[in-house]
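Here my numbering is used: the first residue of the sequence shown is 15, the next is one more, and so on.
We put the beta carbon where it would ideally sit given N, CA and C, even for glycine.
These notes are about the structure you will find just below.
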Amino acid sequence: VYRSEVRSDIDLVIRAENLLPGDLELPEITITATPQYDPHTLALEAAYRPTDAWMIALQAQWRRWSAFEGSVGKTTGSSNLPPAPDFHDTITPRLGVEWQGKHRRTIGQLRGGYAFEPTPAPTARMAPLRDSNGDPVLRAGEPVLRPRRYLDNHRHVLSLGGTVIWETSGGAALQLDLFAQLHLLQERTHDIPSDAEVAGDGVSNMVTSGFVGVAGWGLTFEW
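See below:
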């Protein structure tokens, strides 16, 4: 399965007129940003049934994060750009297992799965500031560095689910679906050298981690 890149861009020019006395004018303010970005995605999947009751599915998903140019743009036509994000492509493996059994008119299904979502963001670092053309800003022949950290973690996803279907002799069926999912954010230290304080970052390192739980159910009646 292939999905093309999807992005939302903002490109605004703000002009303020007749606010100052005389011939004084305010400069144009340019706002450019990419608030939403989904990279090119390619997924390959295969499924295998060792028996009638069991099914195993494997998937590998590639995302082209290296094409991401960053979410923040210029504020004027000649303003500097922040350091490049330097994201890298990611590959996400997924594994799913399903069991199905039937007793008379009742069908039961149990499912479990695991996925590993690697972060595309590089480690925290001092990165070169860029000019309006995207080239490094130099001072005394050396690039001007700024702290750069993305608070993004590797993610482990565990899921469980089940379905019960009750069929009637008349052809109607009642289906109950349950699922639960746990997202574990792998602990990550965002360490920047101590000279980051000189650049105004304030803190040289931080640690991020956490988890997110999701659960739900559905009830369907068919005839």
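Ranking 163, 152, 191 by CA distance to the CA of residue 133 puts 163 first. Beyond the five residues adjoining it in sequence on each side, residue 230 comes within less than 7 angstroms, by CB distance, of 193 in the same chain, given in chain order. When C-alpha distances from residue 71 are compared across 58, 200, 144, 172, the shortest belongs to 58. Sixteen is the threshold: since fewer than 16 other Cβ atoms of the shown chains lie within 10 Å of the Cβ of residue 155, the residue is exposed.
For the options 42, 141, 197, the alpha carbon positioned closest to that of residue 99 is the one of 141. For the options 177, 174, 137, the alpha carbon positioned closest to that of residue 201 is the one of 137. Taken in chain order, the unbroken stretches of beta strand (DSSP E) that lie wholly in the region 126-160 and span 3 residues or more are 139-142.
In the displayed model, residue 231 falls within a strand according to three-state DSSP.
In this chain, residue 33 is not harboured by any beta strand (DSSP E), its DSSP state being neither H nor E.
Straight through space, the alpha carbons of residue 32 and residue 40 are spaced by roughly 9 angstroms. About 17 angstroms separates the CB atoms of residue 219 and residue 199; that is not less than 8 angstroms, and the two are not in contact. Between the C-alpha atoms of residue 118 and residue 49 there is a straight-line separation of about 53 angstroms.
Straight across, the Cα-Cα distance linking residue 83 with residue 187 is about 51 angstroms.
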